[in-house]
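Protein chains in written order, with the working numbering: chain A, 1 to 497; chain Z, 1001 to 1497.
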């Protein structure tokens, strides 16, 4: 068994460090690639991906992987996790033939272009046909992957191993039934605050400010970088090379800060995982949902709390001494609730309803219970029902997200799973670090990072998400912490009775 | 033959676009890699290099490459060049066994570290032993590669195909015999100018200035980038992704500008080569010497001329309106001749003597006519003889360059070959574009780029360097143009009789 383990580790190590080049190519494409370099980049990407894919399909040569799967009860926790994850990837790799992967990739490229055009022209009908083809190929994928109970389970499992429609239905229904009336209470108050910023904020100074904030949160800039991209993201290029991005507005320092803090949360998680786990493919987070719980915890639970905003305010003043807002002003600006059309611009109260709408639709698209042509109508009526808004045009409605055009179905739920986990973990952490609710010092932030390392980060992908959360918080996924957090915070902020 | 050509092209295309990832990894290492990411980067580099090396050794599978070599007289000019270059690389690849390449690589890493330490401590004796080992392994390489007449030919040929010791001896002796007395004439004048800059020059503004200058020269920023690195360089990541770097001094705008212009010359060359040539491995310049001729032409022949400095002066004023120097001041500052210890800081008159010293030493190290322990003495006496300077310590003498520590023997001559070619090509170009000597407008720069494209750039590596130069200038390498250029320019500047 030892020699099989050794061989498997060597194979995984090679895949991991070769795909590090892919990660760099991806990062560069988003951050620094010259505009004319796009087409040659696509060739290099696909060649490196092909190399990794071929190596993935060879993971079981000599049956070492299947043998290890069968013997995994005799393995250490870490080795068993490595074997489990290696087999997951290998198994998916062999189920998708080369010709299927190529068809999917060609369709994605095409559909992405059609989507861009349709969104620009605010016309869903232009996109309807190719989206139908995308859903058909997703159904093929579902059949190739296999599933129990519900076809959509095959897709969710890819992003959030172990998660199912039946679990999500319960969770999301509960969340929706709490949020819809709660948001109505807030909007009924018809509160109107001045949420505009005054002044100009030099991007050069903002960059320094954002680096300061990442630094105090515990993101290690000597094992990472902060750059600019249109859509902020975090990428793990190597075990000590985990990069984040943000984007700046010269009119508003908050805009960049909360993206940086969010990505910083991802970055701190990834930087915290032991190198030995990276080497064998269990170095990333337990699931996308757990990863999102860390970014959202830093961004929302910590980042949008009054004690943190007081600390943040001091740093803003360091670079912008003429900044006119008080911490209380900032707290209101940062936590202002407005039901709107656009998911990515929504606040932490309305956000999950945007996700639930997508979840309910995706599920039925895959099961065939909604036709593509019905999409705008279904979308708009759910937006009205859950958020009380009338969607004026498709670009602000069903066409707003890139995900479907690229074939990412089953991904959206992980955002809300992250929100739910974030509140649940934070609630447990507060018992050990109560000062998070009172006055936040640099030491408090160090304690927070150490706590998350001890309970989440250091395990990488050793545990399945649900087990990790049970170990960390003493129970399985529980939405009540998120609901209580929202209810308590926003009842006070909006003077609800 | 068609099917063999097709197969070879496909194989070359794959190698080229995979090694594009290597180029990006290299660029990133120099420009943006976080300090803790260095060790994992080394693993990825070596894995990607290994993939390319394996593919290189498979170029001849089915004997297609050797067959094509034998049939190459029936091939088009481009295909014959492709076959020639593919075979050169394949042949070298198979001559060096894996274990030899690994030994060389391990020795380079080790010797590089010893060199850094020895240079810091200014003590050649610390470095002497490992440099001896490096020379021994270079001799092994020479034997593996094979050579005619002189063992050093095997090493030169790697960088400058077709170049030999007997040709270089004639060329470099002529150059040395002109330069040594000419420099003495200059130093005998004991001219002393104020060459210090006044004021502070914001790096942000300098960046814009450098981009402007690259743009007017014809370097395409939408197919490239300008970033910062300790040692400026140019890298071809893809056919439309050719990046250059520079470095800035807040006290001196000239410092960055001439590095940018030099690298811009490399960049314009590489950007000008047709994509089809890139795809099959003949997209780079004809040789390192020819490449250097383009960068040095932009930097020196054009860049350090009075008409260009007048244009440049206007751009400096655009960003630094308080700049106090006149174009004539700048011309003197930029063309100030001072025999010094350090090659990279030397002016265009003394530069070649630094190279000739290295050439004369390398040649004898490889042939065994100089012992490593004699190096400091030989170095210092040549510096005294050619440049009239007394080297005060090894860090300013024999320890100054990184090249030997990394095993680059045979590379230095390409710098002077570049200088000689640059003057020869410029002399021919002046007949078509005489305004280069009078008043340089943006149109003049466009004409220059177009001329170089037509006579040099568009051929990529189709012609061997010497043939390319013959086609472009009507004769083989001829140092008289360089000598006349130097003599005319500096006799005037220094009022020599």
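Beta carbons: idealized from backbone N, C-alpha and C, even for Gly.
Cβ neighbours of residue i in the same chain (closer than 8 Å, five flanking residues each side left out)
i               : result
residue 107(A)  : 130, 133, 134, 137, 407
residue 1481(Z) : 1420, 1423, 1424, 1426, 1427
residue 213(A)  : 257, 260, 261, 264, 312, 315
residue 411(A)  : 159, 288, 403
residue 1085(Z) : 1281, 1282, 1461
residue 1140(Z) : 1100
residue 298(A)  : 217, 261, 262, 264, 265, 268
Interface partners of residue i on chain A, CB under 8 Å
i               : result
residue 1014(Z) : 47
residue 1210(Z) : Within chain A, no residue comes near residue 1210(Z); the closest Cβ sits about 16 Å away, beyond 8 Å.
residue 1224(Z) : 34
residue 1241(Z) : 33, 34, 36, 37, 40, 41
residue 1028(Z) : 24, 28
Chain Z within 8 Å of residue i, Cβ atoms only
i              : result
residue 251(A) : no
residue 51(A)  : yes
residue 441(A) : no
residue 237(A) : yes
With 16 other Cβ atoms within 10 Å as the buried cut-off, status of residue i
i               : result
residue 224(A)  : buried
residue 245(A)  : buried
residue 1425(Z) : buried
residue 1402(Z) : exposed
residue 241(A)  : buried
residue 352(A)  : buried
residue 1398(Z) : buried
residue 1113(Z) : exposed
residue 120(A)  : exposed
residue 438(A)  : exposed
residue 184(A)  : exposed
residue 342(A)  : exposed
residue 1434(Z) : exposed
residue 363(A)  : buried
residue 405(A)  : buried
residue 300(A)  : buried
residue 166(A)  : exposed
residue 1196(Z) : exposed
residue 1267(Z) : buried
residue 16(A)   : buried
7 Å Cβ shell around residue i - same chain, five flanking residues per side excluded
i               : result
residue 309(A)  : 327, 330, 331, 334
residue 259(A)  : 232, 246, 247
residue 1095(Z) : 1144, 1145
residue 1415(Z) : 1292, 1355
Contacting residues, own chain, Cβ-Cβ under 6 Å from residue i (five flanking each side not counted)
i               : result
residue 1122(Z) : 1393, 1394, 1395
residue 1198(Z) : 1324
residue 75(A)   : none
residue 302(A)  : 308
residue 1031(Z) : 1227, 1229
residue 1125(Z) : none
residue 1440(Z) : 1307, 1308, 1311
Neighbour flag for residue i against chain A, beta carbons, 8 Å
i               : result
residue 1215(Z) : no
residue 1020(Z) : yes
Partners in chain Z for residue i, counting only beta-carbon separations shorter than 8 Å
i             : result
residue 17(A) : 1040, 1043, 1044, 1047
ask   = Where in the segment 276-318 of chain A do unbroken runs of the alpha helix (DSSP H), each at least 4 residues long, occur, reported from the N-terminal end onward?
value = 288-296
query = For the segment 439-496 of chain A, which segments carrying the alpha helix (DSSP H) assignment without a break, of at least 4 residues, lie completely within its bounds, in sequence order?
reply = 442-455, 465-473, 480-493
ask   = Considering only residues of the segment 1199-1263 of chain Z, which uninterrupted beta strand (DSSP E) runs meet the minimum length of 3 residues and lie entirely inside it, listed in chain order?
value = 1226-1228, 1234-1238, 1241-1246
query = Going along the chain, which unbroken runs of the alpha helix (DSSP H) with 4 or more residues stay wholly within the segment 25-99 of chain A?
reply = 38-57, 64-70, 77-95
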